[in-house]
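Visitor: Each residue of the sequence shown is one higher than the one before, counting from 27 in our numbering.
The beta-carbon is built from N, C-alpha and C at its ideal position, and this holds for glycine as well.
Take this structure first; my questions come after.
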Amino acid sequence: METIHNYLESMFARLPNTQEVIRAKCELGQMMEDKYSELIEAGKSDNEAVAQVIAEFGNLEELSDALGISHILHGDNVYADNIRQITEDEVHSYIYDASFCGLLRGFGIFLAIICSSGPILAATYHASSAKGAMTAGLVFLFCSIAAAVALLTYSALRMGRWSFIRRMPCSIDYSTAGMVNDGLRNSHGSFVLQRTIAVLLFCSCYIPLIVLDYIDDDPVNSGIGVTILLFMVGIAVWILVAAAGREKSYITLLGLNSSQKMGGYYYKEQKKVHYGNRFLDAVMPVYWPTVSCVYLIISFLTFRWDITWIIWPIAAVAYNLIRNL
């Protein structure tokens, strides 16, 4: 019976989600169920009954007049030929690539965040060993940046083969959409746990620096404290980016099916925020990267890491004020 149900869903998947179509779908579903039960009682096997039901009721063109949806079925663009149907194997590959590239992007951003820890530690060394330490710190800085750029570039190129999902109309069938929806629902707990861990790391990242400064007001302790802070922030960002990569893959796939169609599973995407100002529409998508650059530039110029962190809560308040206003 599950096979018949899935076949029924696929028959109506691309019809408009109206009361008239819903009624027709329920009527046809009841007819198929009654016929299936009749065949089973007559001694037919499950496979034979399913095959006969589909053969008898599987042509929506022939049944459209009886169901009263002929005008809808033959309407414009109901069965558009330019819609790319994504297979279940492609869906699995896309989710895997998005998850893997999310890990790579997260690690690349982690390296970009901690790259400054080398020069910071080197700057706290005494004059007798400062030259060698600064050289090692700069080597670590440039190697981390190079690795970060390589990882981000590779992940972008690997995901490039799925660019057609954004460029052309696509859809997934009912059973595949159900599988994706189940994956998103089953992963919800892990996404919440990952975000919780990331928030805890953000909230506690300043504690090691305070403790080390309290133990001994030594520049080396301050450098170690700042390094631990950067590592904790980097790990938190890595966790968030990795989780977002996998979650976004589910949302993107479910977003291919429109709520205006009888597809069965779709994602109610949030409405895009329009600021009513061309300047803000252009600036706000790069707001947080800009804040990150400002934070790093000011911190490196002043080396007042104990104060510059205040940029983040101020930026968050300003961001929400702009969105709400």
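Taking 8 Å as the cut-off, decide whether the C-beta atoms of CYS127 and SER181 are in contact.
Guide: Contact: yes.
Visitor: Fully enclosed by the region 219–272, which alpha helix (DSSP H) runs are 4 residues long or longer?
Guide: For the region 219–272, whole alpha helix (DSSP H) runs of length 4 or above, ordered along the chain, are 233–241.
Visitor: Of all the options ALA203, GLN220, SER96, which has the alpha carbon lying nearest to the alpha carbon of ASN32?
Guide: Cα-wise, what sits closest to ASN32 is ALA203.
Visitor: Between ILE254 and PRO234, is the Cβ-Cβ spacing less than 8 Å?
Guide: Taking 8 Å as the Cβ cut-off, ILE254 and PRO234 qualify as a contacting pair.
Visitor: With DSSP as the reference, identify every bridge partner of GLN111, one or two as the case may be.
Guide: Answer by DSSP bridge pairing, in chain order: SER197.
Visitor: Around the Cβ of SER170, are there at least 16 other Cβ atoms within 10 angstroms (buried) or fewer (exposed)?
Guide: Label assigned to SER170: buried.
Visitor: Considering only residues of the same chain and omitting the five flanking positions on each side of VAL259, which have a CB-CB separation below 8 Å?
Guide: The answer, listed in chain order, is ILE139, LEU227, PHE228, CYS231.
Visitor: Determine the DSSP secondary structure at ALA68, reduced to helix, strand or coil.
Guide: Note: ALA68 maps to coil in three-state DSSP.
Visitor: Is LEU255 close to chain B, meaning its C-beta is less than 8 Å from at least one C-beta of that chain?
Guide: No chain B appears in this structure, which consists of one protein chain only.
Visitor: Quick one: any contact between the region 269–285 and the region 203–213, if contact means 3 or more CB pairs under 8 Å?
Guide: Verdict: yes, contact present.
Visitor: Taking just the CA atoms, how far does VAL47 sit from GLU82?
Guide: Those two C-alpha atoms are separated by around 20 Å.
Visitor: Let's test the definition: count the other Cβ atoms within 10 Å of the Cβ of SER154 and tell me whether it reaches 16, buried, or not, exposed.
Guide: Low per-residue confidence applies at SER154: pLDDT is 47, beneath 50, and the placement is therefore not dependable, though the value from the model is reported in the following sentence. Classification of SER154: exposed, given that the 10 Å Cβ count is below 16.
Visitor: Inspect the beta-carbon positions of GLY144 and VAL267 and report whether they are closer than 8 Å.
Guide: No, they are not a contact pair.
Visitor: Less than 8 Å between the C-beta atoms of LEU322 and ILE348, yes or no?
Guide: Result no, Cβ atoms of LEU322 and ILE348 do not sit closer than 8 Å.
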